[in-house]
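Quick note on the numbering used here: the sequence shown kicks off at 1291 and runs consecutively.
We put the beta carbon where it would ideally sit given N, CA and C, even for glycine.
Take a look at the structure set out below.
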Amino acid sequence: MNTLDQVIENSIKMGKFQNIVLCIISMIDFADGIEKTLIGTLQSILKNEWDLNDLDISLMTSLYFIGIVCGTLLCAFYADHIGRAKTLLYSSLLAFLLLLWHSFALSFEEIVILRFCFGVIFGTTIPLGHVVISEIVPAKIRGQIMTIVATVFIIGKIYCTGLQMVFLDDYKSGHWRMLLIVNSIPLFLCFVSSLIYLRESPRYYFTKQNYDQGFLELEHIGKVNNGTAYQLTDEQKQGVLEQQQQINQEQEPIKTVKYLFSRQYINFTIRIWIVFMLTSIIETTLYYLMPFWLGDTQKGFMAQMYMMLAELMAGIVVYFIIDSKKTGGRSKLVMILSVMIFVASVVLIIMQDPFLVYGLTIISFLLKVMFTAEMVIMNENYTTQYRSMGVGMTQTVGKFMGVISPYFIYPMYSDDPYSPFYLYAGCMIVLAVLSATLPFDMTQVELDNIEVYKQKQNKKSLVNSE
């Protein structure tokens, strides 16, 4: 029987259509990289320029992440109803307009409201790119393609850091309004390209039981890739149809969040949520504290650029190892990386300032590899019908740590600039244990593989071999 992944891999193949979609959704991650770099810098500048206190900074940061949480929740529950392509289209336009509005803000109250609203809109786009691209590429290179998306996120951070060197004097002053205007452009480009090129994936239509439209989308991809008229054979259509009908029959008829806690997914859902929470604690606090660590020690923008380049190297490393089973699979890779971050955190606690830039660079490198692997694991383990919900809810839980972390990380930094690394070390111990017990590794396994799905239904143990 021809499965959908077999048709994509052997007949349609990777080509022009997927490359266009990859460029479009990469702009979201590019913009996300810009935004993550701006968070700490904007806080540091406004604290100095508008004479804000730590509570003001914490409020501005947490409201942005409350918006992100709301946005990812909206994505989880409504993206599949509205359509993923439409959601990405409208959200990218609104996000562009809101970020542009930031540059004209005249008061703390206005910027706080804008940060929240931008968070809501931008939060709806963050999970969608990975969902869309994972559904239309061959299984054997799925991890590599998603790694490219994650690497574009790093390029966005490098781009923003370079612009900071142009527009800002230091971490406390400069032309921050012009910086925001220039950094809004990628979101506008995402909107325009989505309007022209982006379409719903065949899997999306198959889960809606709109099989005819799903086959039309498959043939459209084949036509764009081959440059000539492309038609699926009757045998291919019949195989895909039987597979998709079987998948739809096996899954819950009503789509609710309870599905994520059904027998086949409860062990995975709980673990991946905690894994993302712990990873997000480190990721968000690094963004918050980076300008303060580097600014207070007079390290400058070049030190931050070195860290971004280290993350870029991490993306290249991930590209070559993410789809290989030689590392023991993606779950084992996450476990190894968490141990390495634990070691780097302990060394930073001991050596402090002389090791600061090196330690932050190492942690940034390892964290990027780990987060990319986690993103692939998350997208692969939920079936198409529930992928937007599973990814959106996991992102929501992870991003929620960005809401509460300012209220404990800034006091920790004020007491001792190196105390956050105790937190990092503790998080990595727990994360190593959880990643070692993730129930399934989907490296090079077809999405929506019905045999794997049935295995998950009957799975009661958390150990792969059981």
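Going by other Cβ atoms of all chains shown within 10 Å of its Cβ, with 16 needed for buried, is residue i buried or exposed?
{"i": "Met1317", "result": "buried"}
{"i": "Met1641", "result": "exposed"}
{"i": "Gly1649", "result": "buried"}
{"i": "Ser1382", "result": "buried"}
{"i": "His1371", "result": "exposed"}
{"i": "Asp1295", "result": "buried"}
{"i": "Ser1628", "result": "buried"}
{"i": "Gln1539", "result": "exposed"}
{"i": "Ala1761", "result": "As displayed, the chain neither begins before 1291 nor continues past 1756, which places residue 1761 out of reach and without an answer."}
{"i": "Ser1704", "result": "exposed"}
{"i": "Thr1518", "result": "exposed"}
{"i": "Gln1521", "result": "exposed"}
{"i": "Arg1553", "result": "exposed"}
{"i": "Val1565", "result": "buried"}
{"i": "Val1456", "result": "exposed"}
{"i": "Ile1544", "result": "With a pLDDT of 47 at Ile1544, under the threshold of 50, the predicted position of this residue should be treated as unreliable, though the coordinate-derived value follows. Per the 10 Å Cβ criterion, exposed."}
{"i": "Asn1309", "result": "exposed"}
{"i": "Met1592", "result": "exposed"}
{"i": "Lys1589", "result": "buried"}
{"i": "Asp1319", "result": "buried"}
Verify whether the separation of the beta carbon atoms of residue i and residue j is less than 8 Å.
{"i": "Leu1458", "j": "Ala1321", "result": "no"}
{"i": "Ile1329", "j": "Tyr1714", "result": "no"}
{"i": "Phe1254", "j": "Asn1515", "result": "In the structure as shown, the chain begins at 1291 and stops at 1756. Residue 1254 is therefore absent and cannot be evaluated."}
{"i": "Phe1398", "j": "Gly1357", "result": "no"}
{"i": "Ile1416", "j": "Met1350", "result": "no"}
{"i": "Ala1634", "j": "Ile1652", "result": "yes"}
{"i": "Ala1366", "j": "Gly1682", "result": "yes"}
{"i": "Phe1386", "j": "Ser1474", "result": "yes"}
{"i": "Ile1324", "j": "Gly1512", "result": "no"}
{"i": "Ile1435", "j": "Val1427", "result": "yes"}
{"i": "Val1693", "j": "Val1482", "result": "no"}
{"i": "Arg1620", "j": "Val1666", "result": "yes"}
{"i": "Met1718", "j": "Ile1571", "result": "no"}
{"i": "Met1491", "j": "Glu1573", "result": "Per the sequence shown, the amino acid found at residue 1491 is Ser instead of Met. No, these two residues do not count as a Cβ contact at 8 Å."}
{"i": "Ser1348", "j": "Tyr1697", "result": "yes"}
{"i": "Phe1406", "j": "Leu1353", "result": "yes"}
{"i": "Leu1363", "j": "Thr1727", "result": "no"}
{"i": "Ile1471", "j": "Leu1390", "result": "yes"}
{"i": "Glu1664", "j": "Ile1444", "result": "no"}
{"i": "Leu1388", "j": "Ile1403", "result": "no"}
Considering only the alpha carbon of each residue, which of the options lies closest to residue i?
{"i": "Phe1661", "options": "Gln1594, Ser1635, Ile1694, Leu1623", "result": "Leu1623"}
{"i": "Gln1535", "options": "Val1666, Tyr1501, Asp1295, Leu1479", "result": "Tyr1501"}
{"i": "Thr1688", "options": "Met1625, Asp1706, Ile1560", "result": "Residue identity differs from the one stated: residue 1688 is Gly in this sequence, not Thr. Among Met1625, Asp1706, Ile1560, the Cα nearest to that of Gly1688 belongs to Ile1560."}
{"i": "Met1468", "options": "Ile1572, Gly1446, Cys1450, Phe1481", "result": "Cys1450"}
{"i": "Met1630", "options": "Val1659, Ile1606, Met1603", "result": "Val1659"}
{"i": "Val1297", "options": "Leu1638, Thr1523, Gln1454, Phe1412", "result": "Thr1523"}
{"i": "Gly1433", "options": "Leu1388, Asn1669, Met1580", "result": "Asn1669"}
{"i": "Tyr1368", "options": "Asp1344, Gly1413, Tyr1672, Trp1466", "result": "Gly1413"}
{"i": "Glu1339", "options": "Met1592, Ile1606, Leu1363, His1465", "result": "His1465"}
{"i": "Phe1496", "options": "Leu1479, Lys1527, Ile1471", "result": "Lys1527"}
{"i": "Leu1638", "options": "Ser1709, Glu1532, Tyr1672, Thr1727", "result": "Ser1709"}
{"i": "Phe1551", "options": "Tyr1672, Met1718, Tyr1380", "result": "Tyr1672"}
{"i": "Ile1509", "options": "Lys1498, Arg1493, Gln1499", "result": "Residue 1509 is actually Glu in this sequence, not Ile. Out of Lys1498, Arg1493, Gln1499, Arg1493 has the C-alpha closest to the C-alpha of Glu1509."}
{"i": "Thr1684", "options": "Val1472, Val1607, Ile1556", "result": "Ile1556"}
{"i": "Thr1575", "options": "Asn1309, Phe1645, Thr1327", "result": "Thr1327"}
{"i": "Asn1300", "options": "Val1720, Ala1429, Leu1602, Tyr1697", "result": "Ala1429"}
{"i": "Gln1503", "options": "Leu1531, Glu1525, Asp1460, Cys1480", "result": "Leu1531"}
{"i": "Pro1644", "options": "Leu1584, Asp1341, Thr1293, Asp1460", "result": "Leu1584"}
{"i": "Leu1599", "options": "Asp1346, Val1442, Gly1305, Leu1345", "result": "Val1442"}
How would you write the range of the alpha helix (DSSP H) that residue i sits in, first residue to last?
{"i": "Asp1502", "result": "1501-1516"}
{"i": "Leu1458", "result": "Counting along the chain, Leu1458 falls outside any alpha helix (DSSP H), though it belongs to the beta strand (DSSP E) covering 1458-1460."}
{"i": "Asp1346", "result": "1344-1372"}
{"i": "Glu1399", "result": "1398-1415"}
{"i": "Thr1327", "result": "1306-1339"}
{"i": "His1420", "result": "1418-1424"}
{"i": "Pro1492", "result": "1492-1497"}
{"i": "Ser1621", "result": "1620-1641"}
{"i": "Tyr1672", "result": "Segment: none, Tyr1672 is in no alpha helix (DSSP H) and carries neither H nor E."}
{"i": "Ile1606", "result": "1591-1611"}
{"i": "Asn1473", "result": "1466-1473"}
{"i": "Leu1728", "result": "Run containing Leu1728: none; DSSP gives neither H nor E here."}
{"i": "Asp1706", "result": "Unbroken run through Asp1706: none, as it is neither H nor E."}
{"i": "Val1547", "result": "No alpha helix (DSSP H) contains Val1547, which DSSP labels as neither H nor E."}
{"i": "Leu1294", "result": "1294-1297"}
Counting Cβ pairs closer than 8 Å, one from the segment 1673-1691 and one from the segment 1405-1421, do we hit at least three? Yes, since at least three Cβ pairs between the segment 1673-1691 and the segment 1405-1421 fall closer than 8 Å, the two stretches touch.
Would you call the segment 1475-1495 in contact with the segment 1327-1341, where contact means no fewer than 3 C-beta pairs closer than 8 Å? At 8 Å Cβ cutoff, the stretches do not touch.
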